[in-house]
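Scroll down for the structure; my scribbles are underneath it.
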Amino acid sequence: ETGVTQTPRHLVMGMTNKKSLKCEQHLGHNAMYWYKQSAKKPLELMFVYSLEERVENNSVPSRFSPECPNSSHLFLHLHTLQPEDSALYLCASSRVSGGREQYFGPGTRLTVT
Amino acid sequence: DAKTTQPPSMDCAEGRAANLPCNHSTISGNEYVYWYRQIHSQGPQYIIHGLKNNETNEMASLIITEDRKSSTLILPHATLRDTAVYYCIVINAGGTSYGKLTFGQGTILTVHP
């Protein structure tokens, strides 16, 4: 139990669907992150939010749209995804922006059919 | 950030200490050593970090050599639940990569009954 929760844990969606991933942190942290982890590929940082403001968009396609309504919640809105977007999507938080002591959620295993 | 080298795999008997080495011979003065682990199908888990002094927390101990070119993560009493991939990473605390974590291949630790 890391204090970071993610829902859903598993998601199967078609390429024309729209879905959202949710992350919530109960640690009082000020920064939140979205990462993508594909099989046999390194962890990829997608987005960084610091105090609800996006500070990093790591060349992520526009079919991924993040939202951070407050410092405890982070969403990743998905639309018209491709099969190669199938991966484990991980949310993390840290006490300060850019902190490397990050606490991860369990991830959402996404399959795009 | 400096490169790290870890053995690809290690075994440990349950109840014994697991000592995981990491080589970071090109580490610079303002770079920290961080350890994370990832249990199968779960998100990465922060373990510990240090700059030059040895560190201990409830999960593990981190021993850094005096020249800082290598370190050892010690799990004092390994359990089956410690079976995971362990990542040693070196991070420039003053870097501008917005908290990006980059894991290498890591060490697969298998704890046997």
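Which chain is which? The protein sequence lines are A and B, in order.
Sequence positions in the first sequence follow our numbering and run 41 to 153.
Sequence positions in the second sequence follow our numbering and run 78 to 190.
Even glycine gets a Cβ: it sits at the ideal position worked out from N, Cα and C.
All values reported here derive from a predicted model rather than from experimental measurement.
#1: How far does the beta strand (DSSP E) with A:Gln65 in it reach, from first residue to last?
#2: Under 8 Å between C-beta atoms, does A:Gln142 make it to chain B?
#3: Assuming contact is defined by CB atoms lying nearer than 8 Å, are A:Leu118 and A:Arg103 in contact in what I supplied?
#4: Going by Cα to Cα distance, which pick from A:Lys59, A:Trp74, A:Thr153 is closest to A:Pro146?
#5: Against chain B, does A:Ala71 count as a neighbour if the rule is that its beta carbon must be under 8 Å from one of theirs?
#6: Who are B:Asp88's beta bridge partners in DSSP?
#7: Taking only beta-carbon atoms, is B:Gln122 less than 8 Å away from chain A?
#8: Would you report the Cα separation of A:Asn57 and A:Ser99, rounded to the nearest angstrom?
#9: Pull up the DSSP beta-bridge partners for B:Tyr109, would you.
#10: Using 8 Å as the Cβ pair cut-off and three pairs as the minimum, do the stretch 152–169 of chain B and the stretch 108–123 of chain B touch?
#11: Identify every residue that forms a DSSP beta bridge with A:Val44.
#12: What first and last residue would you give for the beta strand (DSSP E) that runs through A:Arg94?
#13: Between A:Val52, A:Glu93, A:Gln65, which lies nearest to A:Gln142 when the distance is taken from Cα to Cα?
Well, looking at it:
#1: Unbroken beta strand (DSSP E) run through A:Gln65: 58–65.
#2: Judged by the 8 Å Cβ criterion, A:Gln142 is in contact with chain B.
#3: Yes; because the gap between Cβ atoms is below 8 Å, this pair is in contact.
#4: When only C-alpha atoms are compared, the closest one is A:Trp74.
#5: At least one CB atom of chain B sits nearer than 8 Å to the CB of A:Ala71.
#6: BP columns for B:Asp88 point to B:Thr187.
#7: Taking Cβ atoms only, chain A reaches closer than 8 Å to B:Gln122, which makes this a yes.
#8: About 22 Å.
#9: Residue pairing by DSSP puts B:Tyr109 in a beta bridge opposite B:Ile168.
#10: A contact between stretches requires three or more CB pairs, one per stretch, nearer than 8 Å, and the stretch 152–169 of chain B meets this requirement with the stretch 108–123 of chain B.
#11: Assignment of beta-bridge partners to A:Val44 by DSSP yields A:Gln65.
#12: It spans 93–97 - the beta strand (DSSP E) in which A:Arg94 sits, taken as one unbroken run.
#13: It is A:Gln65 whose Cα lies nearest to the Cα of A:Gln142.
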